[in-house]
Each structure stands twice: as C-alpha cells, then as structure tokens.
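**Q** Residue numbers (this note's numbering): 1212 to 1551. Okay, here's the structure, questions in a sec.
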C-alpha cells in the first residue's frame, strides 16, 4: 500500500510534459550544455524548483562514464584533526553538487590501496587523499583521476601526474615550536615524532632543529623519541621508557597534539611541574588542547582553509582549469597556553 504522505518523485519526462519542451532540451538545461534559449532555461528551472526535481546521478553517470562522486581517503576518522578536515571537505564539495565517498584506512597501506582500486572502479570524478601512507606511489601515479593530496606530500614527484598537494607549512610549525622552547629557556629539549618517514614529519623536525641551532641549543639523535602510532597511549609509553632509562629533559615538542597530551599526562603522573620543570608544545590545535587543568601550547593548522582549498582545487582540476602551482603551503601559528 502506498503511503499518501510520501510524495512520488517527479521524472525528467514529467518535467518535459509540464513545460512543453522535449526531454532532450530538459536534459540540456540540467547539464548546462547544448543550445537552448534563456526563456527555456527559466521555464525548465522554474518547474524543477517548483516540483523539487532531483536529477538521477546514476543514470547520468552511465551516460557520461563518470558519477559526480568524490572519493575522500582518510587515515583515521576518529582522529579529530582528520574528521574535522573531512567534514569541511564534504560540506564544501556538496555546495558544488558532488557527493563524497569516505574511505577510512586505519593507517593500513593494504586497505588504502583497496580503497583506491574501488574508487577507480567506480569512476569517481576525483580523489582527495588525506594524510595517506603512499606506500605504492607508482599505483597512485598511474590513476587517471584528478587527485589532491592533503596534509602529507606523496613520496614521489612527477611533472606529468594529475595531482596537487595542499599542506601546512610544517617546517615553519616546527621552527615556531622549537623557538618557543628556546625562548622559554630550555637547554635539553626532546622531540616525540611519528616513526614513519613522512614529509610532514621530516619538515617539522627540520624546522625544530633549525630553531634549536639558531638558539644555540645542542641537539642529537638521542633527543628523538619515535612513536609507533600517533596517539595518547603511545606517547605516554615512549616517554615513560625514556625517563625510566635515565633520560632527562626540560622541554618536549610532540609533532601532534595527541602525542603531546600523552606526554603531558606522563609528566603529571610522575609529579613533574609543567611548565616550571618541563615545557610541552604540540601540533594541530585540536579541541582537547584548550581543555583540562593544563591547556596545551601548540601549533595551529588552519583546517577550514585547508579543507575548502582542497575542494576548490579539485573542482578546478575537474573543470580543466590550469593551476598556477602544484604545491600549496598554508601558514601556521603558535597558540601559547599553560604548558610553556
């Protein structure tokens, strides 16, 4: 039995009958191609609006061999930085009339590759690749799909590949964090970083080292603590092991806020006074960084700008607009709170 409260979806043929123009002309108006008068455009669009007509994207995709979907590959949707970035991208793409297919990889390269293959098979219009591992650069490079890499540069370079990278100025961020510790008087700072050799991590480390060198603070490999995962528990564990082994420090730069928060809890549990004895600086400025008894000093990334720029750039690529640059770096800023 048909529910009388549910309205039947109107078809393109019915729009044609209501307006007195051919189905082909209605299609041309909807897709904004071919020849038709401005009067016809207004007539068809008025009927579409009045009757809430929604074009069948799947049928259109079968005709054009592409569906107006964008694949968004994200490493960990539970991580606030990535989830907020994904939401900004999704909302902005929707304004262009595109739906998104969110693919969570759990930082597993094999799963990442399976998602890429699935998106390619579905003929998506483009891909936004957030902080991927890029272990199979050749595979990614071979995709004939406009692709925007966000937050992490791929570990390959090609003048011919159809991709753009959008990232924060990570080197600047590392420098700001290092200078904050130098100016706070730290003489034996350490860094807690992701153990993977990602471009973002390398850049943050370089900026940090440059700041220490400029400030006359010595630094060596033993001052680097490598985290197997970029989360709270891992940071707590690696700092505990460092301190238990007799390691000393008066300042910590953690390359993500989650690493910084784990390190901060470790220090507090061991009765270190923060920031009097040990200063802590993070990176990202997630919402938790501003909460608690010790709000975290951190380097803020402009997530809103990064997400909207990624969506705008991908749309330009899809439309064939020539881009002035293939690598865009956004400025960051230090947010000083109560851990320095």
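For glycine and all other residues, C-beta sits at the position ideal for the given N, C-alpha and C.
Pick helix, strand or coil for residue 1378, following the three-state DSSP scheme.
**A** Taking the first residue of the chain shown as position 1, residue 1378 is located at position 167. Note: residue 1378 maps to strand in three-state DSSP.
**Q** Can a CB atom of chain C be found closer than 8 Å to the CB of residue 1364?
**A** The question asks about chain C, but that chain is absent: this structure has only one protein chain.
**Q** From residue 1421 to residue 1444, what does the alpha carbon distance come to, in whole angstroms?
**A** The residue given as residue 1421 occupies position 210 in the chain shown. The residue given as residue 1444 occupies position 233 in the chain shown. The straight-line gap from Cα to Cα measures roughly 29 Å.
**Q** For the beta strand (DSSP E) containing residue 1292, name the first residue and the last one.
**A** By 1-based counting over the chain shown, the position of residue 1292 is 81. From DSSP, residue 1292 is part of no beta strand (DSSP E) but of the alpha helix (DSSP H) over 1291-1306.
**Q** Could you check whether residue 1477 and residue 1450 sit closer than 8 Å to each other, using their CB atoms as the reference points?
**A** Your numbering for residue 1450 matches position 239 in the chain shown. Your numbering for residue 1477 matches position 266 in the chain shown. In contact: residue 1450 and residue 1477 (Cβ atoms closer than 8 Å).
**Q** Taking the continuous alpha helix (DSSP H) assigned at residue 1427, which residues delimit it?
**A** Along the chain shown, read from residue 1 onward, the residue named residue 1427 stands at position 216. Run containing residue 1427: none; DSSP gives neither H nor E here.
**Q** Could you give the distance in angstroms between the alpha-carbon of residue 1551 and the alpha-carbon of residue 1314?
**A** Looking up residue 1551 in the chain shown gives position 340. Looking up residue 1314 in the chain shown gives position 103. Their backbone Cα atoms lie some 38 Å apart in a straight line.
**Q** So which of 1308, 1513, 1522 and 1523 has the shortest CA-CA distance to residue 1292?
**A** Translated into the one-based positions of the chain shown, residue 1292 becomes position 81. It is 1513.
**Q** Under the three-state reduction of DSSP, which class applies to residue 1477: helix, strand or coil?
**A** Mapped onto the chain shown, residue 1477 falls at position 266. Residue 1477 falls in the helix class under three-state DSSP.
**Q** Ordered along the chain, which non-local residues of its own chain (more than five positions away) have a Cβ less than 7 Å from that of residue 1362?
**A** In the chain shown, counting from the first residue as 1, residue 1362 sits at position 151. Here the set comprises 1341, 1342, 1378 and 1411.
**Q** So, residue 1311 versus residue 1283, is the Cβ gap smaller than 8 Å?
**A** For the purposes of this step, residue 1311 is taken as the residue at position 100 of the chain shown. For the purposes of this step, residue 1283 is taken as the residue at position 72 of the chain shown. It is a contact, given that the beta carbons lie within the stated cut-off.
**Q** DSSP on residue 1264, reduced to helix/strand/coil?
**A** Residue 1264 sits at position 53 when you count from the first residue of the chain shown. Coil.
**Q** Within 10 angstroms of its Cβ, does residue 1259 collect 16 or more other Cβ (buried), or is it exposed?
**A** One-based indexing of the chain shown puts residue 1259 at position 48. Result: buried.
**Q** If you follow the alpha helix (DSSP H) that residue 1518 is in, where does it begin and where does it stop?
**A** Taking the first residue of the chain shown as 1, we reach residue 1518 at position 307. Run containing residue 1518: 1514-1529, per the alpha helix (DSSP H) assignment.
**Q** Specify the secondary structure class of residue 1253 as computed by DSSP and reduced to three states.
**A** Your numbering for residue 1253 matches position 42 in the chain shown. If DSSP states are grouped into helix, strand and coil, residue 1253 belongs with the helices.
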